[in-house]
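Residue numbers (this note's numbering): 4 to 288.
Structure (structure tokens):
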């Protein structure tokens with residue numbers, strides 16, 4: 004399913020935003036991302052950097068977050084190191100700085116090219132956002148940069164929801180420009196192993212596609228003239244010989260039963276003028 008593919012890395016996503024609220028906790032899903040990144044990285048050449056939003060974050064942002072990554076992920080072999088940056092609460096940064104500054108920081112993180120002289124490349128950025136702490140303008144601004152948006156919610160159609168099962172509203176943008184929207188249910192154990200249960204579209208019509216009957220339209224109806232033929236008219240049409248049919252019959256008769264053959268003999272004179280470049284000299288007359 005889509006949620007599992009994003010977590011496992013099958014669906015490429017440079018920036019993942021997890022939206023939760025006071026009723027729905029998104030920290031377990033964030034830990035599931037961290038666990039997946041640790042499992043699918045080579046500890047010799049790849050590193051996972053977890054940035055906690057504590058008191059030293061201000062100094063980190065004011066200086067250069069890239070310098071922090073280089074100091075903690077220095078590659079001994081000189082190769083480019085793939086880094087994953089995790090914000091366990093992007094809301095603290097949004098409350099301390101404007102959305103413009105935060106968007107600039109996020110854009111500089113995942114826009115670092117692989118051949119950078121800094122020696123590292125940010126492969127993925129995952130951030131947790133507490134949606135009920137921000138206005139719509141701030142949320143829309145950061146959501147515009149994200150390639151994957153996850154909203155922790157509940158299925159309103161369920162009368163007796165299972166507390167162990169959570170629902171996630173997923174919006175994923177592929178590099179081709181295709182946007183996928185899914186609504187998935189999942190559960191998680193103490194070891195942050197994700198189990199997916201159900202997947203459907205946002206409108207809930209993915210499991211069963213309703214095919215509406217299409218009434219065929221007769222183009223011959225409501226015309227000022229008649230296009231239909233009776234049986235007699237069809238027989239008359241089949242017996243009618245068109246001019247090209249007449250000439251073909253005559254040609255076949257001449258070919259099959261020739262009446263006679265004629266030949267023309269020509270003896271050229273010495274006074275005849277022959278042109279070596281004459282295009283008609285190959286004619287057998």
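For each residue, glycine too, the CB sits at the ideal point set by N, CA and C.
Small disclaimer: the values here were computed from a predicted structure and weren't measured.
Local conformation of residue 14 per DSSP, three classes: Coil.
Candidates 138, 113, 141 and 140: which alpha carbon is nearest residue 128's? Answer by Cα proximity: 113.
What are the boundary residues of the alpha helix (DSSP H) that includes residue 338? This structure gives no information on residue 338, because the portion of the chain shown stretches from 4 to 288.
Skipping 5 residues on each side, what residues in its chain have a beta carbon closer than 8 Å to that of residue 27? Once the five neighbours on either side are set aside, the close Cβ partners of residue 27 are 155, 156, 157 and 169.
Which one of 88, 167, 153 and 203 has the shortest CA to CA distance from residue 9? Considering only alpha carbons, the answer is 153.
Tell me which residue opens and which closes the alpha helix (DSSP H) that residue 38 is part of. For residue 38, the uninterrupted alpha helix (DSSP H) segment begins and ends at 30-42.
Around the Cβ of residue 180, are there at least 16 other Cβ atoms within 10 angstroms (buried) or fewer (exposed)? In summary, residue 180 is exposed, with fewer than 16 beta-carbon neighbours lying within 10 Å of its beta-carbon over all protein chains present.
Assign residue 186 to buried or exposed, taking buried as 16 or more other Cβ atoms, counted over all protein chains shown, within 10 Å of its Cβ. With 16 or more Cβ atoms within 10 Å of its Cβ, residue 186 is classed as buried.
Span of the alpha helix (DSSP H) around residue 176: From DSSP, residue 176 is part of no alpha helix (DSSP H) but of the beta strand (DSSP E) over 169-176.
Where the alpha helix (DSSP H) containing residue 147 begins and where it ends: For residue 147, the uninterrupted alpha helix (DSSP H) run begins and ends at 139-148, by DSSP.
Considering residue 94, what are the terminal residues of the beta strand (DSSP E) in which it resides? Unbroken run through residue 94 is the alpha helix (DSSP H), 93-99; no beta strand (DSSP E).
Using three-state DSSP, classify residue 111 as helix, strand or coil. Helix, per DSSP.
I need the straight-line Cα distance from residue 134 to residue 40, nearest angstrom please. The alpha-carbon separation between residue 134 and residue 40 amounts to approximately 24 Å.
Where residue 86 and residue 138 are concerned, what is the direct C-alpha to C-alpha distance, given to the nearest angstrom? Rounded to the nearest angstrom, the two C-alpha atoms are 31 Å apart.
Residue interval of the beta strand (DSSP E) (run including residue 188): Segment 182-191, the beta strand (DSSP E) holding residue 188.
Report buried or exposed for residue 175, applying the criterion of at least 16 other Cβ atoms within 10 angstroms of its Cβ. Only buried fits residue 175, as 16 or more other CB atoms lie within 10 angstroms of its CB.
Straight-line gap, residue 233 to residue 267 (C-alpha atoms, nearest Å): Residue 233 and residue 267: Cα-Cα distance of roughly 55 Å.
N-terminal and C-terminal residue of the beta strand (DSSP E) that residue 291 is part of: The chain is shown only over 4 to 288; residue 291 falls outside these bounds and no answer can be derived.
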